[in-house]
Structure formats: structure tokens, C-alpha cells
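S.K.: So the sequence shown is numbered by the numbering used here: it starts at 1102 and just counts up by one.
Got a structure here, written out as C-alpha cells. Questions coming.
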Amino acid sequence: MFDYDPEAIAAILGTSLDAVFTIDEHGLIVDTNAAATRLFGWQREEFLGANISLIVPSPLKEQHDGFLRAFRPDRGVRHVLGRGPRLDGVRKDGSRFPVEVGISTFERDGRRFFTGFVRDMSERQRTEDRMRYLALHDAESGLLNQRGFAEHCAGPADGERRVAVFRIEELRRFAVAYGERWSIATLREIAARLQATLGPDEAAGRVREDSFALCLGADAESRIETLAAALRQPYALDTISFLLTVTFGLSCCGGALDELLRTAQWACDRCGAAGRGRINAFTAGLQQSTVRELGIESRLRDAVRNNRLRLLLQPKCRLADRRIVGAEALVRWEDAQLGPVSPAEFIPLAERLGLVGEITDWVLQRSLAEIAACPDPAVSVAVNFSALDFYHPDFVARLSDALALAAAPPDRLVIELTESAAVHDVPLVNGRLQALRRLGVGVALDDFGTGYTALAYLRQFAVDALKIDIAFVRDLPASQSAVSIAQAVVALARGLGLETIAEGVETEAQASMLTTLGVDVGQGFLFGRPLPPSEFHRRVRDQVESPWPS
């Protein structure tokens, strides 16, 4: 190592950016440099002869001399100051700031001295604090992020903890409409309302783009009501005033944080339209339905692709003489492990898994085969098409190909489309319906009266029949309002030259009233439950062979 002379050492220490102190074995300062004056605020003359504890904060101040006596060069600063090399220093004005300290020792004339190098860590501390803040907080809202929320929930708590998740329903849509400035301003207003309402042991975090988590106590339900009331107050930005819909999911009691978050998020996500804007608790029933849903998902693909679905045909009868004039094709699934699975269960999952098109194609192909096998050439078969099917770009081409492949007469196939699906894109729907008419395929508007079809659109649509929804048939003949609605639908259909079909007919009283009102066709358990195709064909055959209803 280079041998520096005392003058060189003094020059180096004099220009050092770190404060340098030399003290004796009693802790008295015998020398210091200019940086020490700049850093701590005392003049050199004030330092000399003073105890180094002058710049040491309590409680280390009282223990400092003992630390010096215990100092061993091989053990380092940890055993001098009772902690690692990062600690606080004290300025002349009493302010504290973070410093990093290094200590060496030497002997001169039989006396022991110490040299301390003190570096101001304020800027680094601010940077580290900022980095830690960003690591634990959401940059847009200022709320805890998922990691920060987890750290808070992992800390000590008095009593039980419960987790809630809430979703702002309109957040994404409004963000697209009004832009990033609106989005950030709204997020910060949401955060401000939460912070103003949360208690000292509670916390809020942003865990998804439009979802937030709350760490609450045992009184979670009442606290959520309070928070919800704050969040549902009107918002304003510039000239825009708006309300937000807040949907909550509340976790089960007890368990690890991951489980609490998962169950709360699931309760929020699974609530559906009925739970929108409400508090939805995770229950044992929800857990059981989730387990069943997962079982359905795991086996549905195999069922679709290995022909394990069943086609049933439910008769449609002309009310005037009760003769079968058609059928509705219905798909059923009975799994070896799951048992009977309702279409209400597996069709939404099929849409989510991208299987609904395969199921519809299978139903269509089987229905066309049953049309060809039916002993009465006047009997039609209706197939339900979802909005996903109907709006698919290849819908008409797929239908045309299926008809050609089956060599089935197109006028015996009826496409049933729900009223609500028909109004998503009226020009597109009208074009598709015109294309179906050119193919010779019939079209029935299903669930009529429950959707949003304007009469002007209905006049444009190339449809052949209106199906009166079961909700109106159910209350016949007792409900005068139901009678009036059915009467109005029949009058509307007649004015447009359309056939009327009533679904859900279960009693003779309902059938009699519908006949009196002039409804053309009835469908429901009164005329027959969904039947295997062979049984349906037997009934049609008996009808063909007999001049009277079977």
C-alpha cells in the first residue's frame, strides 16, 4: 500500500465529502474536517474537546463510551453502536438524519484513537423510501397494491380479519369514453373517499384495473355499508357529473389471506346481474356450485366431441285441433359422474369455453337428420341459436352448408332467435334474416315481450312467427294483465301476417284461453314433454295414420 505522509492524509480528509472525526478512547473529539461542520452545523472549535455523543441520538448517547471500550477492529461497527452501519445522526439544531458510519482505530504514543467516517444517507434514504412506496402502492390511485395489501393483512390484528373485494362497474367504460385524465382523477377520488372512511386498523388496496380490496374486522358487513355509501355519492370532473355502481364480494370467515381474497373476488365476480351494486357474501352454497361448475367444465369438452349429448324434440301443437305441427330441438346431457346437467348450467359455460358453436352445429345436424326421418313432411323442427351463433360472420354459410349436406328441405327448419339478441345490431340482423328468407328457412322471434324490440324494427324483420314468452302464459287465465298482453301480441302478429306460438302451456285452462285469443300453436307439458326422436316420430306417425288427434 502506498505510504502517505501526514500532509497528504490531511489534504485528503480535508476535501472528503464525508464527515471525519478522530476521537480518543474517552470519546473526546481531537480532530475533524470541514465536511463535519457542513453536515452537523457545529464549528470546528465547538467540536474539539467535545464528546462524540454530541452527534449521537438517544438512547445510544448514554451508551457510547461503553461501546468504544467494547470496540474490536475485527468485529466492526455493529458491536460499537449496537446496530448495523446505518443509524441516525443529530445536527446542532436537533434534527435527525440517516447516516452510514465506518470506524477504524490506531495507536499513537501508547494511546488509542478512533477515526469515524460519517456519510449523509438522506438522499439515498429518500430514494429507498420512494422505491419501497412504489413497490407497495398503486401508482395511479395511491392505494396499496396487491403486495402492499398482503403485507398489511399479514401484520398483527386485534380479533378476526375479513377481506372484501369491490368492483366499480363503469370504470373501464368511462375510461374509454373520457380518457386517462378522467380515469386517474376518478381513481384518486375513490382512494380519497376510502381513506377518509377507513378506520386505523383497516386498509384498502387496488388489486385489479377495476377491482379493490378491503381489509376489515369482524363487523365487515356494517363497515362495507358505510364505505359503499361514501363511494356511491355523485362524482364530478369538469362539467361531467356521474354515479358509479359498486359491487361487493365478502370473504368467508378465517383462513389465509390468499383464500380470503380468492373467495371475496369470486363472490364479487359470480354475483351476476342480480348481485350488481350489492354486497355478495361467499357461502358454502357458492363453493359447492363452483366445484360443480369446475366438474362440468372439465367434462363438457369431452361430452361435446364424443357425442355424449342427447337431442330431444318437444311437440308443438296447433291449438285448433291439437295436432303436432312441429317440434323444438332441445339438447340434454347426462354425465356418468355429474348426473343430469341442465342446459342452464352448461350452455353459459360452453359460451365461455368457446364450445357453443360446436354444440349448435351438432344440434343443427341432428335436427336436420330428424327432419328427414319425420313421417309427416309438414312437421318442422325449430333450433335455438344464441347471439354468439347468429352474429358469427359465417352463420349463413354454415347453415346453408348444413342444409345441403343433409339434403333437408329448408322450409321445415325454423331458426329461433331471442328478441334481446335481435336488437344488438339491427342492420346486421335484418341482413341475416333476409338471407335466411332467401334460403327458405323459417324464423321465429323467441321470448317475445321480454326484450326490447321496437315495433318499427319488428316491421322490418323478416320473421315468420312470434313466440309468446312463458312468463305471460303462466298467469293465464287468472291474470287480466296477462290476458291483455297475450291479446295484444296476437293482434300485432295478425297485423304483420305472423304466426303466434305460446310456450309453457301446462293446463287445459291456459290452452282454452289461448285458443279463444286466437293463438295458433301451443308448446308445453300439456302437449308433451321433450321426447327422444324415435318417440316423437311414433307420435307423428300415429297422427298421420289417424284423421283425428292422437
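Cβ atoms here follow ideal geometry from the backbone N, Cα and C, with glycine treated the same way.
None of the values given here were measured: they were computed from a predicted structure.
Give the DSSP bridge partners of C1372, in chain order.
M.R.: Taking the first residue of the sequence shown as position 1, residue 1372 is located at position 271. Bridge partners of C1372: none, in fact.
S.K.: Nearest CA to the CA of G1623: which residue from E1326, D1221, F1267, A1428?
M.R.: The residue given as residue 1623 occupies position 522 in the sequence shown. When each option's Cα is compared against that of G1623, the closest is A1428.
S.K.: Ignore the nearest five residues each way along the sequence and tell me which others in L1489's own chain have a CB closer than 8 Å to its CB.
M.R.: Stepping through the sequence shown from its first residue, residue 1489 is reached at position 388. Answer for L1489: E1452, V1457, G1458, listed in chain order.
S.K.: Considering Cα atoms alone, identify which of E1600, L1420, L1361 is closest to A1566.
M.R.: The residue labelled residue 1566 in the question sits at position 465 within the sequence shown. Comparing Cα-Cα distances from A1566 to each of E1600, L1420, L1361, the minimum goes to E1600.
S.K.: So does the stretch 1464 to 1471 actually touch the stretch 1517 to 1528, counting three or more Cβ pairs closer than 8 Å?
M.R.: They do not touch, by the three-pair rule.
S.K.: Going by C-alpha to C-alpha distance, which of F1267, F1218, G1190, G1128 sits closest to R1212?
M.R.: Mapped onto the sequence shown, residue 1212 falls at position 111. Ranking F1267, F1218, G1190, G1128 by Cα distance to R1212 puts G1128 first.
S.K.: Can the beta-carbon of G1217 be found closer than 9 Å to that of F1275?
M.R.: Within the sequence shown, residue 1217 is the residue found at index 116, counting from 1. Within the sequence shown, residue 1275 is the residue found at index 174, counting from 1. No.
S.K.: Would A1331 and L1295 be called neighbours here (beta carbons separated by less than 9 Å)?
M.R.: For the purposes of this step, residue 1331 is taken as the residue at position 230 of the sequence shown. For the purposes of this step, residue 1295 is taken as the residue at position 194 of the sequence shown. Cβ distance < 9 Å, so A1331 and L1295 count as in contact.
S.K.: Counting along the chain, where does the beta strand (DSSP E) carrying S1342 start and finish?
M.R.: By 1-based counting over the sequence shown, the position of residue 1342 is 241. Start and end: 1341 to 1343.
S.K.: From L1387, C1372, G1386, pick the residue whose C-alpha is nearest to that of I1380; which is it?
M.R.: Numbered from its first residue, the sequence shown carries residue 1380 at position 279. Measuring from the Cα of I1380, the nearest candidate turns out to be C1372.
S.K.: Kindly indicate which three-state DSSP category V1564 falls into: helix, strand or coil?
M.R.: The residue labelled residue 1564 in the question sits at position 463 within the sequence shown. Coil.
S.K.: Does the Cβ-Cβ distance between F1349 and F1250 come in under 9 Å?
M.R.: Residue 1349 sits at position 248 when you count from the first residue of the sequence shown. Residue 1250 sits at position 149 when you count from the first residue of the sequence shown. Cβ atoms of F1349 and F1250: not closer than 9 Å.
S.K.: For the putative contact between L1244 and A1292, defined by C-beta atoms under 8 Å, what is the C-beta separation to the nearest angstrom?
M.R.: Counting from 1 along the sequence shown, the entry for residue 1244 is found at position 143. Counting from 1 along the sequence shown, the entry for residue 1292 is found at position 191. So it is a contact: roughly 5 Å between Cβ atoms.
S.K.: Just how far apart, CA to CA, sit Y1279 and A1337?
M.R.: As a first step, residue 1279 is located in the sequence shown; it is residue number 178 there, counting from the start. As a first step, residue 1337 is located in the sequence shown; it is residue number 236 there, counting from the start. The straight-line gap from Cα to Cα measures roughly 12 Å.
S.K.: Under the three-state reduction of DSSP, which class applies to T1531: helix, strand or coil?
M.R.: As a working mapping, residue 1531 is identified with position 430 in the sequence shown. A quick correction: the sequence has Asn, not Thr, at residue 1531. Helix at N1531.
S.K.: Is the distance from the Cβ of G1203 to the Cβ of R1197 below 9 Å?
M.R.: Counted from its first residue, the sequence shown places residue 1203 at position 102. Counted from its first residue, the sequence shown places residue 1197 at position 96. No, Cβ-Cβ distance for G1203 and R1197 is not below 9 Å.
S.K.: Whose CA, out of R1333, F1549, P1631, V1590, lies closest to the CA of L1615?
M.R.: On the sequence shown, position 514 is the one that residue 1615 refers to. It is V1590.
S.K.: Verify whether the separation of the beta carbon atoms of T1346 and E1270 is less than 9 Å.
M.R.: On the sequence shown, residue 1346 is found 245 positions in, with the first residue counted as 1. On the sequence shown, residue 1270 is found 169 positions in, with the first residue counted as 1. In contact: T1346 and E1270 (Cβ atoms closer than 9 Å).
S.K.: Give me the Cα-Cα distance between I1124 and W1143, rounded to the nearest whole angstrom.
M.R.: Walking along the sequence shown from the start, residue 1124 turns up at place 23. Walking along the sequence shown from the start, residue 1143 turns up at place 42. Distance between the alpha carbons of I1124 and W1143: 16 Å.
S.K.: Let me confirm a value: F1343 is counted as buried when at least 16 other C-beta atoms fall within 10 Å, else exposed. Which label applies?
M.R.: By 1-based counting over the sequence shown, the position of residue 1343 is 242. By the 10 Å Cβ count, F1343 comes out exposed.
S.K.: How is V1308 classed by DSSP in three states: helix, strand or coil?
M.R.: Taking the sequence shown and counting its residues from 1, the one referred to as residue 1308 is at position 207. V1308: coil per DSSP, three-state reduction.
S.K.: For C1353, which three-state DSSP category applies?
M.R.: The residue labelled residue 1353 in the question sits at position 252 within the sequence shown. If DSSP states are grouped into helix, strand and coil, C1353 belongs with coil.
S.K.: Enumerate in chain order the residues of its own chain whose CB-to-CB distance from L1358 is below 8 Å, with the five nearest sequence positions on each side excluded.
M.R.: As a position in the sequence shown, residue 1358 is number 257, starting the count at 1. So the list reads A1251, C1254, A1255, V1264, once near-sequence residues are dropped.
S.K.: Give the DSSP bridge partners of T1123, in chain order.
M.R.: Here residue 1123 refers to the residue found at position 22 of the sequence shown. The partner list for T1123 (beta bridge, DSSP) reads D1132, T1216.
S.K.: Can you have a look at G1306 and say buried or exposed, based on whether 16 or more other CB atoms are within 10 angstroms of its CB?
M.R.: The residue given as residue 1306 occupies position 205 in the sequence shown. Buried.
S.K.: Classify L1235 as buried or exposed, calling it buried when 16 or more other Cβ atoms lie within 10 Å of its own Cβ.
M.R.: For the purposes of this step, residue 1235 is taken as the residue at position 134 of the sequence shown. Exposed, by the Cβ-count rule.
S.K.: Can you tell me which of the three DSSP states D1490 falls into?
M.R.: The count along the sequence shown starts at 1 and reaches residue 1490 at position 389. In the structure shown, D1490 sits in a helix (DSSP, three-state: H, G or I).
S.K.: Per DSSP, what are the beta-bridge partners of K1193 in this structure?
M.R.: Translated into the one-based positions of the sequence shown, residue 1193 becomes position 92. Bridge partners of K1193: none, in fact.
S.K.: Would R1424 be called buried (16 or more neighbouring beta carbons within 10 Å of its own) or exposed?
M.R.: Taking the sequence shown and counting its residues from 1, one reaches residue 1424 at position 323. That one is buried.
S.K.: So, for F1626: in the same chain, excluding its five sequence neighbours on each side, which residues have a beta-carbon less than 7 Å away from its beta-carbon?
M.R.: If you number the sequence shown from 1, residue 1626 lands on position 525. Answer for F1626: E1607, listed in chain order.
S.K.: Of all the options G1455, A1505, P1478, P1444, which has the alpha carbon lying nearest to the alpha carbon of N1485?
M.R.: Translated into positions along the sequence shown, residue 1485 becomes position 384. The residue with the shortest Cα to Cα distance from N1485 is P1444.
S.K.: Which partner residues of N1407 appear in the DSSP bridge assignment?
M.R.: The residue you call residue 1407 lines up with position 306 of the sequence shown. Partner(s): none; N1407 has no beta bridge.
S.K.: Determine the closest residue to M1222 out of I1516, L1188, D1210, with distance taken between C-alpha atoms.
M.R.: As a working note, residue 1222 is residue 121 in the sequence shown. Closest option to M1222, Cα to Cα, is L1188.
S.K.: Under 8 Å: do the stretch 1499 to 1517 and the stretch 1530 to 1548 share three or more Cβ pairs, one atom per stretch?
M.R.: Cβ pair count under 8 Å is three or more, so yes.
S.K.: DSSP state of W1434, grouped into three classes?
M.R.: Reading the sequence shown from its first residue, position 333 is the one you call residue 1434. Strand at W1434.
S.K.: Cβ atoms of P1510 and P1476: under 9 Å apart, would you say?
M.R.: Locating residue 1476 in the sequence shown gives position 375, counting from the first residue. Locating residue 1510 in the sequence shown gives position 409, counting from the first residue. For P1476 and P1510, no; Cβs fall outside 9 Å.
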